[in-house]
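Notes to accompany the following structure.
In full-length UniProt numbering, the protein residues as written are 1 to 184.
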């Protein structure tokens with residue numbers, strides 16, 4: 001997804017109320033936004049609901065989206081905030097017996113460490129989105145979904161050697177993009 005592609009879709013959404021442009025924007029960004037929501041809430045169903053709510057909000061705000069300087073970061077923040085709000089709402093609705101609570105643990109990370117962790121995650125998601133499709137698919141299946149090389153090879157109709165090569169390529173590119181982004 002390039003900035004010019006996104007800007008074109010946002011312009012069509014604003015000027016033409018184009019549902020087709022919105023659907024294209026949705027298709028372009030859904031997976032990334034889902035991964036962000038899942039990072040926070042750790043439940044697939046909740047993540048889907050959060051992302052759909054964010055897209056509804058984006059549709060309602062379509063006339064103002066062109067004014068947003070960095071739509072990628074804006075969407076990331078919307079999903080993050082919606083995820084945290086969802087978690088808060090769910091915790092209020094869930095009655096927990098005191099005996100079932102885990103033992104309190106010391107807070108080992110500072111707010112600065114938490115911010116750095118979130119920024120690195122955002123870089124990771126952006127870099128992952130910029131990988132070639134096959135590399136991204138292999139990487140996600142092996143590293144995030146914990147599938148075996150053989151399982152990925154069978155499902156994608158490729159050899160395990162190709163899976164290994166694609167994974168190495170994805171890992172190298174991710175490292176390069178993330179380290180380059182940290183310098184910029």
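Yeah, the Cβ is synthetic: ideal placement off N, Cα and C, and Gly gets one too.
Remark: fewer than three beta-carbon pairs, one from each stretch, lie closer than 8 Å, so the region 128-143 and the region 36-44 are not flagged as touching. The region 48-66 makes no contact with the region 147-165: fewer than 3 CB pairs, one atom from each, lie closer than 8 Å.
Under a 10 Å Cβ-count criterion, residue 92 is classified as exposed, with fewer than 16 other Cβ atoms of the shown protein chains found around its own Cβ.
Residues 74 of the same chain have their beta carbon placed closer than 6 Å to that of residue 68, with the five preceding and five following residues left out of the count. In the DSSP annotation of this structure, the continuous segment of the alpha helix (DSSP H) that includes residue 8 starts and ends at 3-16. The continuous alpha helix (DSSP H) containing residue 27 extends over residues 19-41. DSSP places residue 154 in the uninterrupted alpha helix (DSSP H) bounded by 149-156. The continuous alpha helix (DSSP H) containing residue 56 extends over residues 44-60. The beta carbon of residue 139 lies closer than 8 Å to those of 128, 131, 166, 167, 170, 171 and 174 in the same chain, with the five residues before and after it left out. Between residue 50 and residue 86, the CB-CB gap stays under 7 Å. When the beta-carbon positions are compared, residue 10 and residue 66 come within less than 7 Å of each other. Contact check for residue 13 against residue 62 passes: the beta carbons are separated by less than 7 Å. Of the residues assessed, residue 60 falls on the exposed side of the cut-off, its CB having fewer than 16 other CB atoms within 10 angstroms. Boundaries for residue 144: no alpha helix (DSSP H) harbours it, and the DSSP string shows neither H nor E there. The residues 37, 40, 41 and 50, in chain order, have a CB closer than 7 Å to that of residue 83 in the same chain once the five nearest residues on each side in sequence are set aside. Taking the Cβ atoms as the reference, residue 124 lies roughly 7 Å from residue 178, within the contact range of under 8 Å. C-alpha of residue 18 to C-alpha of residue 35: approximately 26 Å in a straight line. Here DSSP, grouped into helix, strand and coil, assigns residue 159 to coil.
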